[in-house]
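The sequence shown begins at 508 in this note's numbering and counts up one residue at a time.
Think of the CB as a built atom: it goes at the ideal place given N, C-alpha and C, for glycine as much as any other residue.
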Amino acid sequence: MIRRAIYPGSFDPVTNGHLDVIDRARKLFDEVIVAVAHNDQKQPLFTLEERLALLQGTIGKLDNVEIAPLDGLLVDFAVAREATAVIRGLRAVSDFEFEFQMALMNRKLEATVETIFLMPKEEYTYLSSRIVKEIARLGGNVAEFLPAQVAAALRAKFKN
Ligand code: ADP
Numbered sequence: 508m509i510r511r512a513i514y515p516g517s518f519d520p521v522t523n524g525h526l527d528v529i530d531r532a533r534k535l536f537d538e539v540i541v542a543v544a545h546n547d548q549k550q551p552l553f554t555l556e557e558r559l560a561l562l563q564g565t566i567g568k569l570d571n572v573e574i575a576p577l578d579g580l581l582v583d584f585a586v587a588r589e590a591t592a593v594i595r596g597l598r599a600v601s602d603f604e605f606e607f608q609m610a611l612m613n614r615k616l617e618a619t620v621e622t623i624f625l626m627p628k629e630e631y632t633y634l635s636s637r638i639v640k641e642i643a644r645l646g647g648n649v650a651e652f653l654p655a656q657v658a659a660a661l662r663a664k665f666k667n
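In structure tokens form, the structure reads like this:
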């Protein structure tokens, strides 16, 4: 039996924190599917196609990691792809309440899918796509928080 996990998120854009979680997950599972949500409610800076391309450009070479768009309910996607686990990253207590609610709701919807939380390296615990976008928008240097390709794409977004 192949052990497959889904790592869902907006990845708007992918940061070194996400990459850290992906790296941990791919050591625990045979296959990891990084599932990129449309997330229109959050009004993403990068389109779905751009977010997928940035992930592909950054981690496309890892043999047991797949990148896919996520449409509809996460648990339906997990069942369709025969995944038994959902990976989420936990940075701080502030993440906990929302993640706890999501995990229990997903379990209620689909008991066969277990949510697993992974903690990133300490230096990534304060890193989020939201804060990186905010710094970049204000002209700050975010290169050390992002893969080079993503930092360049972010600079291009705010250039004018
Ligand atoms: P979402 O919109 O689902 O929160 P994100 O792309 O912001 O999507 O995050 C996807 C997942 O990655 C979430 O579980 C989030 O907690 C986790 N994550 C984001 N940034 C980091 C980080 N720096 N370290 C560890 N986990 C992170």
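Can you check which of these residues, the options, is closest to residue i by C-alpha distance?
{"i": "Val620", "options": "Asp519, Leu597, Ala650 and Thr591", "result": "Thr591"}
{"i": "Phe584", "options": "Ile623, Leu562, Ile540 and Leu611", "result": "Ile540"}
{"i": "Glu630", "options": "Leu653, Asn613 and Ala643", "result": "Leu653"}
{"i": "Val543", "options": "Val521, Arg533 and Lys534", "result": "Val521"}
{"i": "Gln582", "options": "Leu611, Asn648 and Lys568", "result": "Contrary to the premise, residue 582 reads as Val rather than Gln in this sequence. Nearest of Leu611, Asn648 and Lys568 to Val582, Cα basis: Leu611."}
{"i": "Asp570", "options": "Arg533, Gly646, Arg637 and Arg644", "result": "Arg533"}
{"i": "Phe603", "options": "Val639, Thr622 and Thr565", "result": "Thr622"}
{"i": "Glu651", "options": "Asn523, Glu589 and Met508", "result": "Asn523"}
{"i": "Leu561", "options": "Leu580, His525 and Gly579", "result": "His525"}
What is the rounded straight-line gap between the Cα of residue i and the Cα of residue j?
{"i": "Pro515", "j": "Ile594", "result": "7 Å"}
{"i": "Lys666", "j": "Ala659", "result": "10 Å"}
{"i": "Asp537", "j": "Glu641", "result": "36 Å"}
{"i": "Ala663", "j": "Lys549", "result": "21 Å"}
{"i": "Ser635", "j": "Glu557", "result": "18 Å"}
I'd like the list of long-range same chain contacts for residue i, defined as Cβ closer than 7 Å, with 5 residues on each side in sequence excluded.
{"i": "Arg531", "result": "Leu625"}
{"i": "Val528", "result": "Tyr514, Ile594, Gly596, Leu625 and Pro627"}
{"i": "Pro576", "result": "Val543, Leu555 and Leu559"}
{"i": "Gln563", "result": "Ile574"}
{"i": "Ile509", "result": "Asp537 and Glu538"}
Using DSSP bridges, identify the partner residues of residue i.
{"i": "Arg511", "result": "Glu538"}
{"i": "Val657", "result": "Bridge partners of Val657: none, in fact."}
{"i": "Pro520", "result": "Pro520 is not bridged to any residue."}
{"i": "Leu580", "result": "Paired residue(s): none; Leu580 is not in a bridge."}
CB-CB under 8 Å to residue i, same chain, minus the five flanking residues each way: which ones, in chain order?
{"i": "Val586", "result": "Glu617, Thr619 and Val620"}
{"i": "Asn546", "result": "Ser517 and Asp519"}
Cβ-heavy atom distance between residue i and the ligand ADP below 6 Å?
{"i": "Val528", "result": "yes"}
{"i": "Pro551", "result": "no"}
{"i": "Arg533", "result": "no"}
{"i": "Asn517", "result": "In the sequence on display, residue 517 carries Ser and not Asn. Yes."}
{"i": "Pro576", "result": "no"}
{"i": "Arg662", "result": "no"}
{"i": "Pro520", "result": "no"}
{"i": "Arg598", "result": "yes"}
{"i": "Arg644", "result": "no"}
{"i": "Leu634", "result": "yes"}
{"i": "Gly524", "result": "yes"}
{"i": "Asp602", "result": "yes"}
Looking at chain D, is there any beta carbon in it that lies within less than 7 Å of the beta carbon of residue i?
{"i": "Gln656", "result": "The structure shown contains no chain D, having only a single protein chain."}
Any heavy atom of the ligand COA closer than 6 Å to the Cβ of residue i?
{"i": "Pro654", "result": "This structure lacks the ligand COA; its bound ligands are the ligand ADP."}
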